[in-house]
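A.B. asks: Handing you a structure now.
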Amino acid sequence: MFPVHRPRRLRGTPALRRLVAETSLEPRHLVLPMFVADGIDEPRPISSMPGVVQHTLDSLRKAAADAVAAGVGGLMLFGVPREEDKDPEGSGATDPDGILNRGLAGLKAELGDATVLMADTCLDEFTSHGHCGVLAESESGGVRVDNDATLARYVDMAVAQADAGAHLLGPSGMMDGQVAAIRKGLDAAGHVDVGQLAYSAKYASAFYGPFREAVGSSLEGDRRTYQQDPANRRESLLEVDLDLAEGADVVMVKPAMSYLDVLREVADRSTVPVAAYQISGEYAMITAAAQNGWIDRDAAVLESLLSIRRAGADIVLTYWAAEAAGWLS
Ligand code: PBG
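If you count by this note's numbering, then the sequence shown holds residues 490 to 818, one letter each, in order.
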């Protein structure tokens, strides 16, 4: 008799496939990144991310409540200040009246502890030069991002976000020592229960392209002196080990789909929950292909999310979080 082994037996019916599926995708696994912009009267579409908008403070509250009703596990908020409010230090990031902190406070008032409120703890949306930290002149006369001066800004930003009601902060700037510095600052301010979802392995990726439009970024050049080289895998393990030692509560790999190998290794190693961020360019690629009729959008979205889960993510940040949660529940 040949063949002896027939793996197709377990694929024969939907019920069989359901019984033996190794990986699942549930609404609680999904976190929705959201943008709130200052100085707009109605939601502003982001052309490179069809279906995603910059919210007003009002539309943010409504969309967040809808996402939570759909069952998402949490929300990750980004602020988009007015151009004239940007400066080299990113002052809007630490101002309690800055757009991100006002957005957080609004969400806290609307949702309380009904969801997990997260915020991007990074200066790039607020700096006039668009870098993730403050600049210093380098020996060669050019500019570089000053690691340790930036840490002091992150600490102030973290405390402002915790004051505004965030449950988990998302340091995404890839400064050395950022998790430890923020931990110390939060504890000193009495925010011992506010945690960090650390962007531990964050690569200098071309797939962030649409995000630049999403936050009206002023960046010229790139972030290669602080974000990781896509050529490196082992370096991610070092970054994760450091963040764990510094007190990260969750570690993250970003982007997701081009870094599933890194995600798997981080998931095998981490002693805390692992997140992955399906970023703007990943959203844009699937959306554009679907708009051309080249792929089945909903099936491609679910397959991409399941793949990220299969690679080891406990939590997936995705711009489809609310919509996919609706399909799944
Ligand atoms: C930095 C930050 C970025 C993203 C999230 N946080 C941009 C960058 O590092 O260049 C990208 C998210 C996306 O592309 O969806 N504040």
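For each residue, glycine too, the CB sits at the ideal point set by N, CA and C. Predicted model, so just to flag it, every value in this text is computed and none were measured.
Could you pull out every residue in the same chain whose Cβ sits closer than 8 Å to the Cβ of Ala-535, ignoring the five residues on either side in sequence?
C.D. replies: In the sequence on display, residue 535 carries Ile and not Ala. Taken in chain order, the residues that qualify are Phe-524, Val-541, Val-542, Gln-543, Pro-699, Glu-702 and Ala-703.
A.B. asks: Tell me the residue span of the alpha helix (DSSP H) that contains Leu-508.
C.D. replies: Where Leu-508 is concerned, the enclosing alpha helix (DSSP H) stretches over 503–509.
A.B. asks: Hey, would you say Val-561 sits closer than 7 Å to Leu-519, going by beta carbons?
C.D. replies: Closer than 7 Å, so yes.
A.B. asks: With distances taken Cα to Cα, identify the nearest neighbour of Ala-802 among Ala-814, Phe-567 and Ala-756.
C.D. replies: Measuring from the Cα of Ala-802, the nearest candidate turns out to be Ala-756.
A.B. asks: For Ile-804, which of helix, strand or coil comes out of DSSP?
C.D. replies: Strand, per DSSP.
A.B. asks: May I ask you to report which of helix, strand or coil DSSP gives Ala-764?
C.D. replies: Strand at Ala-764.
A.B. asks: Whose CA, out of Asp-785, Arg-713 and Gly-622, lies closest to the CA of Asp-576?
C.D. replies: Selected option, being the one with the closest Cα: Gly-622.
A.B. asks: How about the region 618–634 and the region 646–665: do they share at least three Cβ pairs that are nearer than 8 Å?
C.D. replies: In short, these stretches touch, since the Cβ pair count reaches three.
A.B. asks: Does Glu-792 come out as helix, strand or coil in the three-state DSSP assignment?
C.D. replies: Helix at Glu-792.
A.B. asks: From Pro-503 to Asp-730, what does the alpha carbon distance come to, in whole angstroms?
C.D. replies: Those two C-alpha atoms are separated by around 41 Å.
A.B. asks: Give the secondary structure of Asp-730 by DSSP, where H, G and I count as helix, E and B as strand, and everything else as coil.
C.D. replies: Note: Asp-730 maps to helix in three-state DSSP.
A.B. asks: Quick check on DSSP: helix, strand or coil for Ala-608?
C.D. replies: Strand, per DSSP.
A.B. asks: Quick check on the DSSP output: the beta strand (DSSP E) that includes Arg-633 runs from which residue to which?
C.D. replies: Note, Arg-633: beta strand (DSSP E), 632–634.
A.B. asks: Can you tell me which of the three DSSP states Asp-530 falls into?
C.D. replies: It is coil, neither helix nor strand.
A.B. asks: Can you check DSSP and say which residues form a bridge with Thr-616?
C.D. replies: Thr-616 pairs with Asp-576.
A.B. asks: Quick one: measure Cβ to Cβ for Phe-696 and Ser-627, integer angstroms, because I've assumed they're closer than 8 Å.
C.D. replies: That belief does not hold up - the Cβ atoms of Phe-696 and Ser-627 are roughly 28 Å apart, past 8 Å.
A.B. asks: Count the other CB atoms, across all protein chains shown, that sit within 10 Å of the CB of Thr-545; report buried if there are 16 or more and exposed otherwise.
C.D. replies: Under this definition Thr-545 is a buried residue.
A.B. asks: Secondary structure at Leu-514, three-state DSSP: helix, strand or coil?
C.D. replies: Here Leu-514 sits in coil by DSSP.
A.B. asks: Does the distance from the C-beta atom of Val-740 to that of Ala-687 stay below 7 Å?
C.D. replies: Closer than 7 Å, so yes.
A.B. asks: Mind checking which residues open and close the alpha helix (DSSP H) that includes Gly-674?
C.D. replies: That run of the alpha helix (DSSP H) goes 667–677.
A.B. asks: Thinking C-beta only, is Ser-759 closer than 7 Å to Pro-516?
C.D. replies: Result no, Cβ atoms of Pro-516 and Ser-759 do not sit closer than 7 Å.
A.B. asks: Determine the burial state of His-656: buried for a count of at least 16 other Cβ atoms within 10 Å of its Cβ, exposed for fewer.
C.D. replies: When all chains shown are included, His-656 counts as buried.
A.B. asks: Reducing DSSP to helix, strand and coil, say where Phe-567 ends up.
C.D. replies: Strand.
A.B. asks: Hey, would you say Thr-604 sits closer than 7 Å to Leu-549, going by beta carbons?
C.D. replies: Against a cut-off of 7 Å, the Cβ pair of Leu-549 and Thr-604 comes out as no contact.
A.B. asks: Determine, using beta carbons only, whether Ser-689 and Asp-718 come nearer to each other than 7 Å.
C.D. replies: Not in contact: Ser-689 and Asp-718 (Cβ atoms no closer than 7 Å).
A.B. asks: What is the residue span of the alpha helix (DSSP H) that Glu-812 lies within?
C.D. replies: Unbroken alpha helix (DSSP H) run through Glu-812: 810–817.
A.B. asks: Is Gln-685 closer than 7 Å to Asp-738 when the C-beta atoms are compared?
C.D. replies: Result yes, Cβ atoms of Asp-738 and Gln-685 sit closer than 7 Å.
A.B. asks: From Pro-744 to Glu-614, what does the alpha carbon distance come to, in whole angstroms?
C.D. replies: Each residue's alpha carbon lies about 18 Å from the other.
A.B. asks: Can we say the region 494–502 touches the region 569–585, given the rule of at least three CB pairs closer than 8 Å?
C.D. replies: Counting Cβ pairs under 8 Å, fewer than three are found: no touch.
A.B. asks: Give me, in chain order, the residues of the same chain whose beta-carbon lies closer than 8 Å to that of Arg-722; leave out the 5 immediate sequence neighbours on both sides.
C.D. replies: For Arg-722, where only same-chain residues beyond five positions count, the Cβ hits under 8 Å are Asp-750, Val-751 and Glu-754.
A.B. asks: Can you find the residues in the same chain that come closer than 7 Å, C-beta to C-beta, to Gln-716, ignoring five residues on each side of it along the sequence?
C.D. replies: These residues qualify, in order along the chain: Met-663, Lys-691, Tyr-692 and Ala-693.
A.B. asks: Would you grab the beta carbon distance between Glu-477 and Ala-553 for me? Rounded to a whole angstrom, and I think it's under 8 Å.
C.D. replies: In this structure the chain extends from 490 to 818, so residue 477 is not present and cannot be described.
A.B. asks: Following a CB-centred definition, is Phe-478 positioned closer than 6 Å to any heavy atom of the ligand PBG?
C.D. replies: Absent from the structure is residue 478, since the part of the chain shown begins at 490 and ends at 818.
A.B. asks: Helix, strand or coil for Met-490 per DSSP?
C.D. replies: Here Met-490 sits in coil by DSSP.
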